[in-house]
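*Asks:* Residue numbers (full-length UniProt numbering): 1 to 347.
1. Looking at the unbroken alpha helix (DSSP H) that takes in residue 122, where does it start and where does it end?
2. Mapping the DSSP letters down to three states, classify residue 44 as helix, strand or coil.
3. Can you tell me whether residue 70 is buried or exposed? The criterion is at least 16 other CB atoms within 10 Å of its CB, across all chains shown.
4. What are the complete alpha helix (DSSP H) segments, minimum 4 residues, inside the UniProt domain "EamA" (176-313)?
5. Can you round the beta-carbon distance between residue 220 and residue 103 to whole angstroms, since I take them to be within the 8 Å contact cut?
6. Between the Cα of residue 278 and the Cα atoms of 126, 286, 49, 243, which residue gives the shortest distance?
7. Measuring alpha carbon to alpha carbon, tell me which of 148, 253, 163, 283 ends up nearest residue 316.
8. Taking only runs of the alpha helix (DSSP H) that begin and end inside the region 75-112, which ones reach a length of at least 4 residues, in chain order?
9. Kindly indicate the opening and closing residues of the alpha helix (DSSP H) around residue 158.
10. Can you find at least 3 beta carbon pairs, one from the region 70-87 and one from the region 28-42, that sit closer than 8 Å?
11. Exposed or buried, what is residue 298 when buried is set at 16 or more other beta-carbons lying within 10 Å of its beta-carbon?
12. Less than 7 Å between the beta carbons of residue 310 and residue 156, yes or no?
13. Which of helix, strand or coil does DSSP assign to residue 355?
14. Cα separation between residue 163 and residue 82?
15. Would you decide whether residue 44 is buried or exposed? Buried here means 16 or more other CB atoms lie within 10 Å of its CB.
16. Please determine if the region 190-201 and the region 130-146 are in contact, where contact requires at least 3 C-beta pairs separated by less than 8 Å.
17. Can you list, in chain order, the residues of its chain with a C-beta nearer than 6 Å to that of residue 152? Leave out the 5 residues immediately preceding and following it.
18. Please determine, among 280, 242, 302, the residue with the shortest C-alpha to C-alpha distance to residue 54.
19. Once the 5 residues before and after residue 187 are set aside, which same chain residues still bring their CB inside 6 Å of it?
20. State the DSSP-derived secondary structure class of residue 62, mapped to helix, strand or coil.
21. Using three-state DSSP, classify residue 53 as helix, strand or coil.
22. Taking 8 Å as the cut-off, does the region 220-237 touch the region 110-117 (at least 3 CB pairs, one atom from each stretch)?
23. Looking only at its chain, what residues have a beta carbon closer than 8 Å to the beta carbon of residue 214, apart from the 5 residues adjacent to it on each side?
24. What residues in its chain sit with their C-beta under 8 Å from that of residue 226, if we drop five residues either side in the sequence?
25. Locate the alpha helix (DSSP H) running through residue 130, then write down its first and last residues.
Written as structure tokens, this is what we have:
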């Protein structure tokens, strides 16, 4: 997922069109299937990461998924006869977002999942909006703090403490892994308001912006991975499961999922698209427990529910949807889970 609320988180990309709220059943059928598939893809990204880091260094896992995602988006550009941005200054901003919204969070989630379950990684991804809001208010000045938002932040960070299980005491590899996952969420949280301030509203389609981000990230990883992780792994020495997970992370989580997200934004609006944040941790928990047989302690889903409640309060979630200006997608893509990733990502 590119700054996408990625793997994971996900916010809408610059240049994405915004439609009026779609309430009719016919309109619902046009975007709801895409929305549910997005939640499934981005929510399972944490499972794919968990399997991938069994045999791959996190940097090479990130390189593989970014390469696969870039190829998919370049193919979409070719089919639609779209083109990459031409503005050199815009490329500079996209490179910053590539570092903060792709390279660092994707890699941190990989390191984190060497120490903690995919379930916990998915839960930490949901904390992105809690960090993004104060940064947007204090650093980038793209949002205003209100009593409601402050209350939501307080609720959300209470949920963070519950997820950590601070009453039991924390330490060791488990704490290190959780802090790495939280660090990934913080990277998304910086990338999102940065995108809003410097990229939102620029000429160019969402697919074009996302492809440029991935190409910039790929260039960084091509230098960093050999220096920090050694020579590239021999693909023939990797198991089929790991190879499929790398392809799924890139082709599905960053490539195809972005195209689906673009359709949701076009039909239902950016505010609807960003609400995928609320489903991603649910999917991550389910697949982690059912597929990987990971253990789930009561405080983890309880804390996640409190975190999401805080996000809902801080964002002023209402039963009646409103049209919202297009933001910039994390997202992954990006949730991890991409995940970006305006949610999800505001994220």
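Note that beta-carbon positions come from the ideal geometry of N, C-alpha and C, so glycine has one too.
Remember, it's a predicted structure, so these values are computed and weren't measured experimentally.
*Replies:* Reading it off the structure:
1. Taking the chain shown and counting its residues from 1, the one referred to as residue 122 is at position 122. It spans 118-125 - the alpha helix (DSSP H) in which residue 122 sits, taken as one unbroken run.
2. As a position in the chain shown, residue 44 is number 44, starting the count at 1. It is helical.
3. As a working note, residue 70 is residue 70 in the chain shown. That one is buried.
4. 206-229, 240-247, 257-268, 270-274, 280-290
5. What you label residue 220 is simply residue 220 of the chain shown in a count that begins at 1. What you label residue 103 is simply residue 103 of the chain shown in a count that begins at 1. Indeed, because the Cβ distance is near 5 Å, the residues count as touching under 8 Å.
6. As a position in the chain shown, residue 278 is number 278, starting the count at 1. Per the Cα distances, 126.
7. For the purposes of this step, residue 316 is taken as residue 316 along the chain shown, with counting starting at 1. Nearest C-alpha to residue 316: 148.
8. Whole alpha helix (DSSP H) segments, 4+ residues: 88-98, 104-112.
9. Here residue 158 refers to the residue found at position 158 when the chain shown is read from its first residue. Element bounds for residue 158: 147-164.
10. no
11. Translated into positions along the chain shown, residue 298 becomes position 298. Exposed, because fewer than 16 other Cβ atoms sit within 10 Å of the Cβ of residue 298.
12. Stepping through the chain shown from its first residue, residue 310 is reached at position 310. Stepping through the chain shown from its first residue, residue 156 is reached at position 156. Against a cut-off of 7 Å, the Cβ pair of residue 156 and residue 310 comes out as a contact.
13. The structure shown does not extend to residue 355, since the chain is modelled only from 1 to 347, so the question has no answer here.
14. Along the chain shown, read from residue 1 onward, the residue named residue 163 stands at position 163. Along the chain shown, read from residue 1 onward, the residue named residue 82 stands at position 82. Each residue's alpha carbon lies about 44 Å from the other.
15. Position 44 of the chain shown, counted from the start, is the residue given in the question as residue 44. It is buried - the Cβ of residue 44 has at least 16 other Cβ atoms within 10 Å.
16. yes
17. In the chain shown, residue 152 corresponds to position 152, counting from 1. Hits under 6 Å: 310, 313, 314.
18. Numbered from its first residue, the chain shown carries residue 54 at position 54. Comparing Cα-Cα distances from residue 54 to each of 280, 242, 302, the minimum goes to 242.
19. Locating residue 187 in the chain shown gives position 187, where the first residue counts as 1. Result list for residue 187: 100, 104, 105, in chain order.
20. Working through the chain shown from its first residue, we reach residue 62 at position 62. Helix at residue 62.
21. The residue given as residue 53 occupies position 53 in the chain shown. Three-state DSSP puts residue 53 in coil, outside helix and strand.
22. With the rule of 3 Cβ pairs closer than 8 Å, the region 110-117 does not count as touching the region 220-237.
23. Taking the first residue of the chain shown as 1, we reach residue 214 at position 214. 2, 66, 69, 70, 73, 98, 102, 254, listed in sequence order.
24. In the chain shown, counting from the first residue as 1, residue 226 sits at position 226. Excluding sequence neighbours, residue 226 sits near 232.
25. The residue given as residue 130 occupies position 130 in the chain shown. Per DSSP, residue 130 belongs to the alpha helix (DSSP H) from 128-138.
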